[in-house]
Amino acid sequence: MTNHSTAEVNDLLLQVDDLNVWYGENHVVQDVQFQLRRGQALALIGESGSGKSTITKAILGLLPEGTGLADGQVLFEGQNLLALSQRGLRQFRGTELGYIPQDPGTALNAVRTIGSQAHEAANLTGVTGVAQQRELILETFEQVGLPEPQRVYDSYPHQLSGGMLQRVLIALTVLPRPALIVADEPTSALDVTVQKTILDLLDQLRTSLNIGLLLITHDLALAAERTDHLVVLRHGQVQESGSSAQLFENPQTDYAKGLLADVPSLNAERYRNARGRLAESSTDEISAIRVEQIVRHFGAGNELVKAVDGVSFEVARGSTHALVGESGSGKTTTVRMLVGLESPSDGRISLAEQDLSHRSPKAWREARTQLQLVYQNPFASLDPSWSVANIIQEPLARLKYGTRVEQKARVLEVLAEVGLNESFLTRRPAQLSGGQRQRVAIARALSLRPEILVLDEPTSALDVSVQADIVDLLAILQREHSLTYLFVSHDLALVRQVADTVSVMRHGVVVESGTSQKIFENPEHAYTQSLIAAVPSSRSEITTGIREQSPNHIYAGAIA
Amino acid sequence: MTGILQVQATLETKSSPAKKRSSLPISAIISFAVIVLVVLFSAFPTFFTSHSPEVGDTSAKLVSPGLQHWFGTDYLGRDVFSRVVHGSLSSVSSALVAVLIGLVVGSGIGLVAGFLGGWVDSALGRIIDVLLAIPGFLLAVVIVSSLGFQTINAAIATGVSAIAVFGRLMRAEVIKVRGATYVESSFLSGGNRLQALFFHVLPNAGRSVLVLAILQFGTSIMVIASLAFLGYGDPPPSSDWGLLVASGKEYPTAPWLIYAPAAVIVATVLSVNRISRWLKKVR
Numbered sequence: 002m003t004n005h006s007t008a009e010v011n012d013l014l015l016q017v018d019d020l021n022v023w024y025g026e027n028h029v030v031q032d033v034q035f036q037l038r039r040g041q042a043l044a045l046i047g048e049s050g051s052g053k054s055t056i057t058k059a060i061l062g063l064l065p066e067g068t069g070l071a072d073g074q075v076l077f078e079g080q081n082l083l084a085l086s087q088r089g090l091r092q093f094r095g096t097e098l099g100y101i102p103q104d105p106g107t108a109l110n111a112v113r114t115i116g117s118q119a120h121e122a123a124n125l126t127g128v129t130g131v132a133q134q135r136e137l138i139l140e141t142f143e144q145v146g147l148p149e150p151q152r153v154y155d156s157y158p159h160q161l162s163g164g165m166l167q168r169v170l171i172a173l174t175v176l177p178r179p180a181l182i183v184a185d186e187p188t189s190a191l192d193v194t195v196q197k198t199i200l201d202l203l204d205q206l207r208t209s210l211n212i213g214l215l216l217i218t219h220d221l222a223l224a225a226e227r228t229d230h231l232v233v234l235r236h237g238q239v240q241e242s243g244s245s246a247q248l249f250e251n252p253q254t255d256y257a258k259g260l261l262a263d264v265p266s267l268n269a270e271r272y273r274n275a276r277g278r279l280a281e282s283s284t285d286e287i288s289a290i291r292v293e294q295i296v297r298h299f300g301a302g303n304e305l306v307k308a309v310d311g312v313s314f315e316v317a318r319g320s321t322h323a324l325v326g327e328s329g330s331g332k333t334t335t336v337r338m339l340v341g342l343e344s345p346s347d348g349r350i351s352l353a354e355q356d357l358s359h360r361s362p363k364a365w366r367e368a369r370t371q372l373q374l375v376y377q378n379p380f381a382s383l384d385p386s387w388s389v390a391n392i393i394q395e396p397l398a399r400l401k402y403g404t405r406v407e408q409k410a411r412v413l414e415v416l417a418e419v420g421l422n423e424s425f426l427t428r429r430p431a432q433l434s435g436g437q438r439q440r441v442a443i444a445r446a447l448s449l450r451p452e453i454l455v456l457d458e459p460t461s462a463l464d465v466s467v468q469a470d471i472v473d474l475l476a477i478l479q480r481e482h483s484l485t486y487l488f489v490s491h492d493l494a495l496v497r498q499v500a501d502t503v504s505v506m507r508h509g510v511v512v513e514s515g516t517s518q519k520i521f522e523n524p525e526h527a528y529t530q531s532l533i534a535a536v537p538s539s540r541s542e543i544t545t546g547i548r549e550q551s552p553n554h555i556y557a558g559a560i561a
Numbered sequence: 006m007t008g009i010l011q012v013q014a015t016l017e018t019k020s021s022p023a024k025k026r027s028s029l030p031i032s033a034i035i036s037f038a039v040i041v042l043v044v045l046f047s048a049f050p051t052f053f054t055s056h057s058p059e060v061g062d063t064s065a066k067l068v069s070p071g072l073q074h075w076f077g078t079d080y081l082g083r084d085v086f087s088r089v090v091h092g093s094l095s096s097v098s099s100a101l102v103a104v105l106i107g108l109v110v111g112s113g114i115g116l117v118a119g120f121l122g123g124w125v126d127s128a129l130g131r132i133i134d135v136l137l138a139i140p141g142f143l144l145a146v147v148i149v150s151s152l153g154f155q156t157i158n159a160a161i162a163t164g165v166s167a168i169a170v171f172g173r174l175m176r177a178e179v180i181k182v183r184g185a186t187y188v189e190s191s192f193l194s195g196g197n198r199l200q201a202l203f204f205h206v207l208p209n210a211g212r213s214v215l216v217l218a219i220l221q222f223g224t225s226i227m228v229i230a231s232l233a234f235l236g237y238g239d240p241p242p243s244s245d246w247g248l249l250v251a252s253g254k255e256y257p258t259a260p261w262l263i264y265a266p267a268a269v270i271v272a273t274v275l276s277v278n279r280i281s282r283w284l285k286k287v288r
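Line by line, the protein sequences are chains A and B.
Sequential numbering from 2 applies to the first sequence in our numbering.
Sequential numbering from 6 applies to the second sequence in our numbering.
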């Protein structure tokens, strides 16, 4: 099947030496070097701006023409790719060099069937004749675990789920039997359970077809588990490189140590210690949030879609309750009903034992002072034309909190609480980093001194080390103001550490709920089990092992 | 009134990052200078010329440009430079009126249509479509013919023909901003729809519309000059730029009568366009 006969000569597949890349004046990649052997996997890890995607583009010859300039050596099967013209590169791309993009939704042409796009890849195999190509395509679809290959072949991209599209892209990539696959965050747009199967598939293809895998990721746990070698990048420079096992056991540089220490799934106690004491103090009888059998239906044509179908949970004062689920589980709709952005079709929501279901807009305004929301993406939730001072002051001004002078004083106070100083007051969101933006968003939510914060994936748009800072900040704020958190997340490793109680949602219903200890140590529902199994390092031998702390959680929910 | 444009321009400049401001291209500097000069012409015409725009020296008619008369003199011996300077107030202010009409009415329609959506959007959208279907200049001619031949009517006509352009842009921008998370979050902060509209949607959607307004200012000068050229503005002895060009065409032996005022029109419009393009890039 393979069309590279030189394979036996040299085991070394890709060798990058002294790679430098400039974007105009900016020296974005500096003296990077690494090697990848046939059949092995290497991960480039780093936070945003570390240059990992730029390196990929340089290898594939996809740097923007005119502005991007690469220098050094990229030896692929002994040939320097950087010295080749675009025409010379074309014979490698697709056939020898496969590329799996990050977002499967935008990588395929929406107006053509999967099959017609697959034939483009099949043309690179040397197999001619539509019938033979079709056979090969269907065979490959089956190989990557697509059910009903024929149906997929006839489908348009929008008719398939994200996971299936990613499988299609993998199939199209492996179809010409490349020697190297470059995968740029191939699973970060996917749910955890789907992520696991995709990664398993890549592993399996790699070993069975002897393909080299260059994996670009920000997820250290994933990199640790799936690859043989790691290259840790920061500001375009290699901080540390070596075998995965060695690097995780004994990181040499401070940067790598810091990164590893911040990954929730690798550090079972990282965030739990920060809050520990709190759970004990929450002995209040009155629940902060009580949600009873809420239902939300959407009409889609003649069909009724049950986005949320009878969800109940209860959150004790001063505790953290996590809503866990994959996309489409209804967790976002539940949160939107809770904060009043949508109204439930049926059911009751109470805050501090006060029913919110049929309240006037005015009463809702009062409820806002008790309950605030922090959005997932701080890049979208702050008005770009407003200054930080005005952003934080907005809830105070709208809900008539004291005089103007008092409002200004409160803004300063809450800004200090989230760890920002006065110099930020006049800045606009564009002048802030992601972490700073999320701090401002938290400050805005806290300005009215609410008792409850709803945190909708508050860290998922942020880098690992920034995520650590934000989670630490949230823990401190909770301890100081005895806040109640409703924490929506898909990151189970994080939830395990920050939540006292957990509800697992799927298809609009809660499939399992209980203390986080119970859920994570003794999951009863098959879906919960599969979710936990999909967390990267929970199956990994690389970590030091998860030690259990003495139980200090209070289970507040009384849900069957 | 003439200060409004300047205020808008400086506001835009201030909000842009300091780094970009420092690299103001030379062409933009020249453009700003031209606009400032034209504004000063309208505000203090007597500071720039001592000649009367209306009373000429018949012994010195059709004198070619020189030190005494920068742009020469016309068939009545009037100083053309003086007429251009005194005519700028009428040309600039009528262009401003036109832009204001288009901006206020057009953005209003676009804002309401985009923010409310539904049948309101459909109804207003059709009105905008109809306006867009009629060539702007033709519409202006029709309006000014029914209102009467006056410069102010020409300004109104020009403004009305620009409503659709503003309306369409504003609607598109509002729809883009309306769904933004930060608008939703203002409801969570206790704001109502009106507050969200004025404090969040309008400032963010309005930026491109303001850039369009400046561009439209140049276009309006052109349209109003064209209307004046055709005799739809104030009659002589007023000295609208378009009118100067029109009366100059009777004297082919004195080409400066056409070229001098035409050059001023062209310089002003090009400068405005350049500034508008620069603002678009900077913000």
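Think of the CB as a built atom: it goes at the ideal place given N, C-alpha and C, for glycine as much as any other residue.
Computed from a predicted model, the values in this text were never measured in an experiment.
Nearest CA to the CA of residue i: which residue from the options?
i	options	result
B/Gly-61	B/Ser-98, B/Ile-157, B/Gly-211, B/Pro-242	B/Pro-242
B/Trp-75	B/Trp-283, B/Val-287, B/Trp-261	B/Trp-261
A/Gln-74	A/Glu-66, A/Ile-60, A/Leu-176, A/Leu-64	A/Ile-60
B/Pro-208	B/Arg-183, B/Val-110, B/Ser-225, B/Gly-141	B/Arg-183
A/Val-467	A/Arg-318, A/Leu-260, A/Thr-228	A/Leu-260
B/Ile-139	B/Thr-156, B/Ala-169, B/Gln-155, B/Leu-129	B/Ala-169
A/Leu-248	A/Tyr-272, A/Ala-222, A/Asp-19	A/Ala-222
A/Ile-199	A/Pro-430, A/Ile-46, A/Gln-103, A/Ser-448	A/Gln-103
B/Tyr-187	A/Val-193, A/Tyr-100, A/Leu-181, A/Pro-385	A/Pro-385
B/Leu-202	B/Val-179, B/Thr-54, B/Leu-215	B/Val-179
A/Leu-15	A/Val-22, A/Ile-46, A/Phe-93	A/Phe-93
A/Gln-294	A/Arg-349, A/Ser-51, A/Gly-436, A/Ala-381	A/Arg-349
A/Leu-109	A/Gln-439, A/Pro-158, A/Gly-213, A/Gly-40	A/Pro-158
B/Ser-291	B/Val-125, B/Ile-132, B/Val-44, B/Asp-134	The question about residue 291 of chain B has no answer here: the residues shown for chain B are numbered 6 through 288.
B/Leu-290	B/Ile-40, B/Leu-108, B/Ser-36, B/Val-165	This structure cannot speak to residue 290 of chain B, because chain B is shown only from 6 to 288.
Please list, in chain order, the chain B residues whose beta carbon lies closer than 9 Å to that of residue i.
i	result
A/Asn-378	Thr-186
A/Arg-450	Within chain B, no residue comes near A/Arg-450; the closest Cβ sits about 14 Å away, beyond 9 Å.
Please list, in chain order, the chain A residues whose beta carbon lies closer than 7 Å to that of residue i.
i	result
B/Leu-193	Val-340, Arg-369, Gln-373, Leu-374
B/Ser-190	Tyr-376, Ser-382
In its own chain, which residues sit with a C-beta less than 7 Å from the C-beta of residue i, not counting the 5 before and 5 after it?
i	result
B/Arg-176	Gly-115, Ala-118, Gly-119
A/Gln-196	Thr-188, Ala-535
Tell me, please, whether the CB atom of residue i is closer than 9 Å to any CB atom in chain B?
i	result
A/Arg-366	yes
A/Ser-483	no
A/Glu-26	no
A/Leu-45	no
A/Leu-357	no
A/Arg-445	yes
A/Arg-411	no
Counting contacts by CB-CB distance shorter than 9 Å, is residue i in contact with chain A?
i	result
B/Gly-196	yes
B/Arg-212	yes
B/His-205	yes
Run through chain A and tell me which residues come within less than 9 Å of residue i, C-beta to C-beta.
i	result
B/Pro-208	Asp-384, Ser-386, Trp-387
Give the residues of chain B in contact with residue i, contact being defined as C-beta atoms less than 7 Å apart.
i	result
A/Pro-396	Ser-194, Gly-195
Tell me which same chain residues have a C-beta within less than 6 Å of the C-beta of residue i, skipping the five on either side of it?
i	result
A/Phe-425	Val-389
A/Val-1	The structure shown does not extend to residue 1 of chain A, since chain A is modelled only from 2 through 561, so no value can be given for it.
A/Arg-168	Val-145, Leu-147
Starting from the beta carbon of residue i, find every residue of chain B whose beta carbon is closer than 8 Å, and list them in chain order.
i	result
A/Leu-400	Ser-194, Gly-195
Which residues in chain A sit within 8 Å of residue i, going by Cβ to Cβ distance?
i	result
B/Gln-200	Arg-399
* Asked: If we count Cβ pairs, one from each stretch, closer than 8 Å, do we get three or more for the segment 372–379 of chain A versus the segment 454–462 of chain A?
  -> Judged by Cβ distances under 8 Å, the segment 372–379 of chain A makes contact with the segment 454–462 of chain A, as three or more pairs qualify.
* **Inter-stretch contact (C-beta, 8 Å, three-pair minimum) for the segment 186–203 of chain A and the segment 233–248 of chain A** => no
* Asked: How do the segment 301–311 of chain A and the segment 246–261 of chain A stand: do at least 3 beta-carbon pairs fall below 8 Å, yes or no?
  -> no
* Asked: How about the segment 54–70 of chain B and the segment 209–219 of chain B: do they share at least three Cβ pairs that are nearer than 8 Å?
  -> no
* Asked: If we count Cβ pairs, one from each stretch, closer than 8 Å, do we get three or more for the segment 122–142 of chain B versus the segment 76–90 of chain B?
  -> no
* To do: Indicate whether the contact test is met: 3 or more Cβ pairs, each with one atom in the segment 491–504 of chain A and one in the segment 412–430 of chain A, closer than 8 Å.
  => no
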